[in-house]
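Peer 1: Right, I'll just put the structure down here and ask away after.
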Amino acid sequence: MGCGASTQAAQSNPSAVPTTESKEDSPRQVQPVVPPLKIQNISKAGWSKEGEDTARESIGSRTPRRGGTQQQERRNSIEMSGRSFVRPATPELEGGTPDDVLEELLNGNLRFITGETQHPHQDFRRLQQIAPKQKPIAAILACADSRVPPEIVFDQGFGDIFVCRIAGNIATAEEIASLEYAVLDLGVKLIMVVGHTSCGAVKAALSGKAFPGFIDTLVDHLDVAVTRAQSRNATSYEELVGMHAALRKQGADGHPDPKLIELVIQENVKYQIDRCKRSTIILEAMMKKKLKVVGSVYNLETGEVEML
Ligand SMILES: [Zn+2]
1 MGCGASTQAA
11 QSNPSAVPTT
21 ESKEDSPRQV
31 QPVVPPLKIQ
41 NISKAGWSKE
51 GEDTARESIG
61 SRTPRRGGTQ
71 QQERRNSIEM
81 SGRSFVRPAT
91 PELEGGTPDD
101 VLEELLNGNL
111 RFITGETQHP
121 HQDFRRLQQI
131 APKQKPIAAI
141 LACADSRVPP
151 EIVFDQGFGD
161 IFVCRIAGNI
171 ATAEEIASLE
181 YAVLDLGVKL
191 IMVVGHTSCG
201 AVKAALSGKA
211 FPGFIDTLVD
221 HLDVAVTRAQ
231 SRNATSYEEL
241 VGMHAALRKQ
251 GADGHPDPKL
261 IELVIQENVK
271 YQIDRCKRST
281 IILEAMMKKK
291 LKVVGSVYNL
301 ETGEVEML
C-alpha cells in the first residue's frame, strides 16, 4: 500500500546498495546511505549512562503512580515467571495471539525505558528480507508529534509495525481505511491507538480557538473527546455546561488544568478506538478473536506506554 514501487525495485535488484534516493528512475547521482553497522554502534542511542541510571532508578524507586506501578508490576511478573522481557526481539509472531503481540510491544517499551533496547530488524539484511512482502504484527495509530516515534518507543524495526500517524491520533476515514488494510491484507493481530501526554492537538481543542487553514478540521475531531471528558465528570447538565465554560476559559487563557488535559487525552484515545470499531472489517476480526484493539498513552517524559 503506497509502497509498491519500492518493493518492486528491491525485488528486481535485491543486492543493490540502498540509497537515499527512492525514485529509481531519477537521473540524479545518489548517495549510499550509512551502513547498518552504524546502527549497531549506537545501540544505546539516546541513553547516556546517566540516562540509563535515571531510567532504572525511575522504575525501581519512583513514587507509585499508575504508569510506574503498571510497568513495575509488569517487570516483576516477568521476572517471577522466569522469562525475560529482554527476550530476543523477533516479532515473527505468525502463530501468536493478539495478546502475544501486545506483550511483545509492551516488552519492547520496557526495553526502551530501561535502556536495554535491542534495535531489532533495523539493518539492511532485514530490509531485504521484507522487501518482497511485509508482515507487521501490529498496527499503531499514533500522533504525528515528533516525540512519539512508535518504532523507537516499542523497540521495533523494519516491517514490524504498521504505523498510521496523524496529529491528535484521530481515526479519520482515511486512517481507519489504512487500519482496515492492515487487518485484512497484512493480518495484524493488534491495533493500538497511542495518545501521548502534553498533546498539542488536544490542547488546541481545549482552547476553543479558531485556527487557520485546515487545522480547524483536525481540532473538530477532538471536540468530542473534550465533551466526553467533561460529561464523565459532570453529575448534571448544568454542571456540564459550567465545566464547559470554565474549560474554554482555561484553554483560552492558555492554562488548561493539567489533569483535564490528561483526561481528554485518555478520552480521545477511547473515542478513536470507538471510531475504529465502526469498521465492519475491524469488528469482524475482533469477533473472530483474530484482532484486539487497545488504547494507551505514551508519557513524553518517562518514555512509558501506559495501557488504558
Ligand atoms: Zn499529539
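If you number the sequence shown the way the UniProt record's numbering does, the last residue is 308 and the count never jumps.
Backbone N, C-alpha and C fix where the C-beta goes; we use that ideal spot for every residue, glycine too.
Just so you know, these numbers come straight off a predicted model, no measurement behind them.
(1) Kindly indicate the opening and closing residues of the alpha helix (DSSP H) around Ala205.
(2) Where do the ends of the alpha helix (DSSP H) carrying Arg125 lie?
(3) Does the beta-carbon distance from Val269 to Gly295 come in below 8 Å?
(4) Return the CA-CA distance between Arg277 and Glu103, expressed in angstroms with no decimal places.
(5) Kindly indicate which three-state DSSP category residue 309 falls into: helix, strand or coil?
(6) Does ligand 1 have a heavy atom nearer than 7 Å to the CB of Ala167?
(7) Under the three-state reduction of DSSP, which class applies to Arg74: helix, strand or coil?
(8) Comparing C-alpha positions only, which one of Glu301, Val163, Gln230, Phe214 sits nearest to Ala201?
(9) When the cut-off is 8 Å and only beta carbons count, does Cys143 lie next to chain B?
(10) Near Pro150, which residues of its chain fall below 7 Å by C-beta distance, leaving aside the five closest residues on each side in sequence?
(11) What is the DSSP secondary structure of Arg147, reduced to helix, strand or coil?
(12) Per DSSP, what are the beta-bridge partners of Ile170 in this structure?
(13) If you follow the beta strand (DSSP E) that Ile191 is part of, which residue opens it and which one closes it?
(14) Rounded to whole angstroms, what's the CA-CA distance from Asp257 to Asp185? Just pull it up for me.
(15) Smallest Cα separation from Asp145: which of Leu263, Gly208, His196?
(16) Which one or two residues does DSSP pair with Glu306 in a beta bridge?
(17) Spatial neighbours of residue 313 within its chain, please: C-beta separation below 7 Å, excluding the five flanking residues on both sides.
(18) Would you kindly work out how many angstroms separate the C-alpha atoms of Ala138 and Val101, rounded to a whole number?
(19) Could you tell me which residues DSSP puts in a beta bridge with Phe162?
(20) Exposed or buried, what is Pro212 when buried is set at 16 or more other beta-carbons lying within 10 Å of its beta-carbon?
(21) Can you give me the C-alpha to C-alpha distance between Val264 and Asp220, rounded to a whole angstrom?
(22) Go ahead and pull the three-state DSSP assignment for Asp220.
(23) Shortest alpha-carbon distance to Ala225 belongs to which of Lys209, Gly208, Gln266?
(24) Can you tell me whether DSSP reads Lys292 as helix, strand or coil?
(25) Round the Cβ separation of Pro98 and Leu190 to the nearest angstrom and send it over; I've been treating them as touching at under 8 Å.
(26) Just to check my reading of the structure: Ile130 and Gly108 have Cβ atoms closer than 8 Å, yes? What is that Cβ distance to the nearest angstrom?
(27) Look at the Cβ atom of Lys203, then the Cβ atom of Ile261, and state whether they are nearer than 8 Å.
Peer 2: To lay it out plainly:
(1) The residue labelled residue 205 in the question sits at position 205 within the sequence shown. Per DSSP, Ala205 belongs to the alpha helix (DSSP H) from 200-207.
(2) Counting from one through the sequence shown, the residue named residue 125 turns up at place 125. Per DSSP, Arg125 belongs to the alpha helix (DSSP H) from 124-130.
(3) Along the sequence shown, one-based indexing puts residue 269 at 269. Along the sequence shown, one-based indexing puts residue 295 at 295. By the CB criterion at 8 Å, Val269 and Gly295 fall inside the cutoff.
(4) Here residue 277 is taken as the residue at index 277 of the sequence shown, counted from 1. Here residue 103 is taken as the residue at index 103 of the sequence shown, counted from 1. Checking the sequence shown, residue 277 turns out to be Lys, not Arg. Here the alpha carbon of Lys277 sits roughly 22 Å from the alpha carbon of Glu103.
(5) Here the chain comprises residues numbered 1 to 308, so residue 309 is not present and cannot be evaluated.
(6) Mapped onto the sequence shown, residue 167 falls at position 167. Yes; taking the cut-off as 7 Å, the Cβ of Ala167 has a heavy atom of ligand 1 nearer than that.
(7) The count along the sequence shown starts at 1 and reaches residue 74 at position 74. Helix at Arg74.
(8) As a position in the sequence shown, residue 201 is number 201, starting the count at 1. Minimum Cα distance to Ala201 is reached at Phe214.
(9) Included in the structure is just one protein chain, with no chain B present.
(10) Here residue 150 refers to the residue found at position 150 of the sequence shown. Answer for Pro150: Ile140, Ala142, Ile161, Val163, Val194, listed in chain order.
(11) In the sequence shown, residue 147 corresponds to position 147, counting from 1. Coil, per DSSP.
(12) If you number the sequence shown from 1, residue 170 lands on position 170. Partner(s): none; Ile170 has no beta bridge.
(13) Counted from its first residue, the sequence shown places residue 191 at position 191. That run of the beta strand (DSSP E) goes 190-196.
(14) Within the sequence shown, residue 257 is the residue found at index 257, counting from 1. Within the sequence shown, residue 185 is the residue found at index 185, counting from 1. Distance between the alpha carbons of Asp257 and Asp185: 43 Å.
(15) Working through the sequence shown from its first residue, we reach residue 145 at position 145. Closest by alpha carbon: His196.
(16) Position 306 of the sequence shown, counting from 1, holds the residue named residue 306. In the DSSP output, where bridge partners are listed per residue, Glu306 has Val297.
(17) Outside the modelled stretch of the chain, which goes from 1 to 308, sits residue 313, for which no answer is possible.
(18) One-based indexing of the sequence shown puts residue 138 at position 138. One-based indexing of the sequence shown puts residue 101 at position 101. The alpha-carbon atoms of Ala138 and Val101 are separated by roughly 7 Å.
(19) Taking the sequence shown and counting its residues from 1, one reaches residue 162 at position 162. Beta-bridge pairing by DSSP links Phe162 to Ala139.
(20) What you label residue 212 is simply residue 212 of the sequence shown in a count that begins at 1. Exposed, by the Cβ-count rule.
(21) To locate residue 264, count along the sequence shown from 1; it is residue 264. To locate residue 220, count along the sequence shown from 1; it is residue 220. Each residue's Cα considered, the two are about 14 Å apart.
(22) Residue 220 sits at position 220 when you count from the first residue of the sequence shown. Three-state DSSP puts Asp220 in a helix.
(23) Taking the sequence shown and counting its residues from 1, the one referred to as residue 225 is at position 225. Cα-wise, what sits closest to Ala225 is Gln266.
(24) Walking along the sequence shown from the start, residue 292 turns up at place 292. Assigned with DSSP and collapsed to three states, Lys292 falls in strand.
(25) As a working note, residue 98 is residue 98 in the sequence shown. As a working note, residue 190 is residue 190 in the sequence shown. 5 Å between Cβ atoms; contact.
(26) The residue given as residue 130 occupies position 130 in the sequence shown. The residue given as residue 108 occupies position 108 in the sequence shown. Ile130 to Gly108, Cβ: 18 Å. No contact.
(27) Residue 203 sits at position 203 when you count from the first residue of the sequence shown. Residue 261 sits at position 261 when you count from the first residue of the sequence shown. Against a cut-off of 8 Å, the Cβ pair of Ile261 and Lys203 comes out as a contact.
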